[in-house]
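Just so you know, the sequences run in chain order A and B. Position 157, counted from 1, in the first sequence is what the working numbering calls 157; the numbers after and before it change by one each time, with no gaps. To get the working numbering, take the position in the second sequence, counting from 1, and add 328.
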Amino acid sequence: MGMKTLERLKGLPLVVVGVGLLALPSFVDNYILYVMTRLFVYVLVALGLNLLTGYTGQVSLGHAAFFAIGAYTAAVLAESWRWPSVLCVVAAAVFTAVVGYLLGLPCLRLSGLYLAMATLGFTLIVQEMLLQLAVITHGSEGMKVRPASILGFTFDSDYRKYFLLLVVTTSMLIVARNLIRGRTGRAFLAIRENERAAEAMGVNLAQYKTIAFAISALYTGLAGALSAFLVGFLDPQEFSVFLSIQFITIIILGGLGSLLGSVLGAGFLIILPELLAGLDVWQALVYGLLMVLTIIFMPYGLSGAIRRHAYRWLGVGVEPIVPRRLGH
Amino acid sequence: MPKGDSPGTNGAPGQSLLTVDGIETFYGGIQALKGISFKVPAGSIVALLGANGAGKSTTLKSISGLVPPLRGTVAFAGRRIDGLPSEKIVRMGISHVPEGRELFPELTVLENLKMGAYIRTDKRETQRGLERVQAHFPILAERRSQLAGTLSGGEQQMLAIGRAVMAQPKLMLLDEPSLGLAPMLVEEIFGIIGEIHASGTTILLVEQNANKALSVADYGYVLETGTISLAGDSQQLLQDDHVRRAYLGHR
């Protein structure tokens with residue numbers, strides 16, 4: 001089998017997955033659709049976080065906060081201000097991007113573990129604010145959010161929510177793909193690889209690092225806003241540091257600096273526990289064990305393993321040399 | 329020859345492309361450059377010689393903006409560039425090939441080269457640049473989809489130089505291009521430096537290998553502990569007793 005045949009077959013898995021996702025609702029029950037919808041939300045966050053951490057090399061434990069900001073902005077605009085759903089979601093995403101940009105400014109001088117600490121602090125602050133600014137956020141009571149609707153069409157069933165998220169997530173995946181293939185993506189990668197060299201090539205470090213923060217926050221805020229409408233209730237306890245760690249786990253397991261990795265990692269974190277539900281009390285143990293084994297045997301994450309085998313057996317792509325590092 | 333005398337004043341051909349005047353550069357409290365002045369005429373190759381710690385690399389970093397000088401001025405093509413961020417300086421036409429190459433290890437050879445042309449927005453220009461680089465360095469064409477971190481030392485040096493060529497600079501700052509390379513590779517690298525020069529790029533070269541450097545350079549400056557101790561055209565320096573004893577290994 002020649003290279004050309006392989007090149008032509010490259011799009012095949014995508015077509016299969018696409019048809020599968022479109023056909024899925026006809027075959028499965030509402031619970032599975034609900035799980036899939038949650039998966040899409042996590043994919044959106046993972047895409048955003050991977051752009052910042054995997055591609056640009058800036059570690060963040062602040063993404064639970066971005067997620068919360070997106071969710072609460074949408075909820076407040078919808079419930080207290082009665083804004084149309086679409087505007088709520090867009091405004092929430094943009095507002096979160098602005099917050100991300102502003103957080104990126106003081107973080108310019110930080111990297112690696114120090115950046116992780118600073119962004120961790122941000123998550124703690126935001127969660128505390130959700131509890132204390134009860135006038136706006138209803139504090140520990142949480143907030144109810146009615147389903148989103150567009151021009152009278154209400155996304156109130158699992159079926160409708162599934163397709164809403166499928167469309168948004170796929171679109172944002174394509175946006176991310178175009179972004180990383182362009183000039184911006186090259187600047188991101190150069191910053192991750194070698195900041196001094198990137199600057200010597202003419203990359204404005206401060207500009208692109210803050211842009212990375214803003215775009216990453218935009219994705220995460222968008223995911224938060226959509227999640228608010230999907231779940232219908234915001235509990236401030238959910239937006240803890242643990243959620244940030246979950247997000248980071250997704251992209252490390254899936255593969256840093258890989259869009260496919262963002263999808264696979266989210267699948268690992270969301271779908272695997274469901275598959276293991278039958279194991280009852282053993283579930284957490286087996287799940288943890290699988291996580292350890294994955295990272296030992298696939299140091300480049302799931303997508304890295306796929307890429308490596310594609311290189312070894314089919315001769316396509318590039319062989320990875322060392323694991324993607326988290327700051328250095 | 330008097331301290332800091334520049335070849336530009338000795339009736340050198342071509343106007344001064346780069347003029348460094350009295351720069352003093354510090355690392356924290358330590359003064360690495362104690363007032364360095366020299367000129368690089370357009371179209372020339374100028375070599376900076378000296379022992380370890382003399383300030384050669386710091387001089388290049390002061391020019392390219394990686395370590396801005398505290399005092400003194402750097403003028404390029406008639407405009408002052410000291411104090412500008414390196415990202416702006418590269419856009420004006422100065423490419424720095426730093427010591428230690430500073431590649432993007434987990435990007436492919438091709439991606440590294442394309443990053444070199446980051447400041448060029450014209451795609452056809454970039455493509456032409458790519459062809460030029462691959463003509464200078466056929467090995468890079470061969471290894472185009474290999475990750476830069478997996479290249480050998482000599483190939484990495486070629487990639488670093490090739491990446492700088494991609495920016496199509498008017499002035500290239502080369503820091504120790506022969507460092508750690510086998511003699512045959514040193515010959516090859518210097519051959520290519522000659523080609524790049526012949527295609528119209530002015531070169532400021534830092535080298536420990538004084539013999540090699542002076543054999544390609546038009547002018548040379550000798551640095552000692554942050555000051556210029558000797559200057560002249562290459563032939564003169566090759567004959568100079570002090571240079572021969574200290575840097576060329578003659579007794």
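Note that the Cβ used here is the ideal one computed from N, Cα and C, for glycine as well.
Practice problem: Scan the stretch 181 to 204 of chain A for residues whose Cβ lies nearer than 9 Å to a Cβ of chain B and list them as they occur along the chain. | Solution: R183, R186, A187, L189, A190, R192, E193, N194, R196, A197, A198, E199, A200, M201, G202, V203, N204
Quiz item: Under 8 Å between the Cβ atoms of V203(A) and A187(A)?
Solution: yes
Quiz item: Where does K498(B) sit, in a helix, a strand or coil, going by DSSP?
Solution: coil
Self-check item: Contact set between E535(B) and chain A, taken where Cβ atoms lie within less than 7 Å
Solution: By Cβ distance, chain A contributes nothing, its closest Cβ being about 20 Å from E535(B), past 7 Å.
Quiz item: D503(B) bridges to which residues according to DSSP?
Solution: V534(B)
Quiz item: Can you tell me the Cα-Cα spacing of S473(B) and D561(B), whole angstroms?
Solution: 42 Å
Practice problem: Confirm the yes/no value for this check: CB of S562(B), any heavy atom of the ligand HEM, distance under 7 Å. | Solution: As for the ligand HEM, it is missing from this structure, which has no ligand bound.
Practice problem: Could you tell me whether the Cβ of K442(B) comes closer than 8 Å to any Cβ of chain A? | Solution: yes
Quiz item: Can you find a CB in chain A that lies within less than 8 Å of the CB of Y355(B)?
Solution: no
Quiz item: If you draw a straight line from the alpha carbon of F239(A) to that of L49(A), how long is it in whole angstroms?
Solution: 16 Å
Self-check item: Residues that DSSP places opposite H424(B) in a beta bridge
Solution: L501(B)
Quiz prompt | One or two residues paired with R308(A) in a DSSP bridge | solution = According to DSSP, which records beta bridges pairwise, R308(A) is partnered with nothing at all.
Quiz prompt | Length of the line joining the Cα atoms of G356(B) and K416(B) | solution = 24 Å
Quiz item: chain A partners of V418(B), CB-CB under 8 Å?
Solution: A200, M201, G202
Quiz item: In chain A, which residues lie with their C-beta within 9 Å of the C-beta of S414(B)?
Solution: R196, E199, A200, G202
Quiz item: Using a Cβ-Cβ cut-off of 6 Å (strictly less than) and excluding sequence neighbours within five positions of L566(B), which residues of its own chain qualify?
Solution: L542
Exercise. Quick one: grab the DSSP three-state call for M201(A).
Key: coil
Quiz item: Since G254(A) is in the alpha helix (DSSP H), which residue starts that stretch and which ends it?
Solution: 241 to 254
Quiz item: With a cut-off of 8 Å, do at least 3 Cβ pairs link the stretch 224 to 237 of chain A to the stretch 97 to 106 of chain A?
Solution: no
Quiz item: Leaving out five residues before and five after V571(B) in sequence, what residues of the same chain have Cβ atoms less than 6 Å from its Cβ?
Solution: L565
Self-check item: In DSSP terms, what A375(B) is bridged to
Solution: L533(B), G548(B)
Quiz item: Looking at C-alpha atoms only, which residue of S258(A), L293(A), V145(A) is the closest neighbour of I306(A)?
Solution: S258(A)
Practice problem: Express the C-alpha separation of N30(A) and L222(A) in angstroms, rounding to a whole number. | Solution: 24 Å
Quiz item: Applying a beta-carbon distance threshold of less than 8 Å, which residues of chain A neighbour P369(B)?
Solution: What P369(B) touches in chain A: nothing, since even the nearest Cβ is about 24 Å away.
Exercise. Could you run through the stretch 390 to 402 of chain B and flag, in chain order, every residue whose CB is less than 9 Å away from some CB of chain A?
Key: S392, G393, L394
Quiz prompt | Simplified DSSP assignment, three categories, for P369(B) | solution = strand
Practice problem: Entirely within the stretch 427 to 487 of chain B and at least 4 residues each: give me those alpha helix (DSSP H) ranges in chain order. | Solution: 437 to 444, 451 to 464, 466 to 470
Quiz item: Would you say S430(B) faces chain A, with C-beta separation under 8 Å as the test?
Solution: According to the sequence displayed, residue 430(B) carries Glu and not Ser. Answer yes: the Cβ-Cβ gap between E430(B) and chain A drops below 8 Å somewhere.
Self-check item: Residue-level contact to chain A via CB, E427(B), 8 Å cutoff
Solution: no
Quiz item: So with Cβ pairs under 8 Å, would you call K10(A) a contact of chain B?
Solution: no
Quiz item: What does a CB cutoff of less than 6 Å around T337(B) pick up in its chain, not counting 5 residues either side in sequence?
Solution: Any answer about T337(B) is weak, because its pLDDT of 38 lies below 50 and its placement is not dependable; what the coordinates show is given next. Around T337(B): no qualifying Cβ.
Quiz item: Using DSSP with H/G/I as helix, E/B as strand and the rest coil, what is G363(B)?
Solution: strand
Quiz item: Out of curiosity, what's the CA-to-CA distance linking L218(A) and G112(A)?
Solution: 22 Å
Quiz item: Three-state secondary structure (DSSP) at M143(A)?
Solution: strand
Self-check item: Boundaries of the beta strand (DSSP E) in which E238(A) is found, first to last residue
Solution: Neither: E238(A) is in no beta strand (DSSP E) and is coded neither H nor E.
Quiz item: When the cut-off is 8 Å and only beta carbons count, does Y584(B) lie next to chain A?
Solution: The structure shown has nothing for residue 584(B), since chain B only spans 329 to 579.
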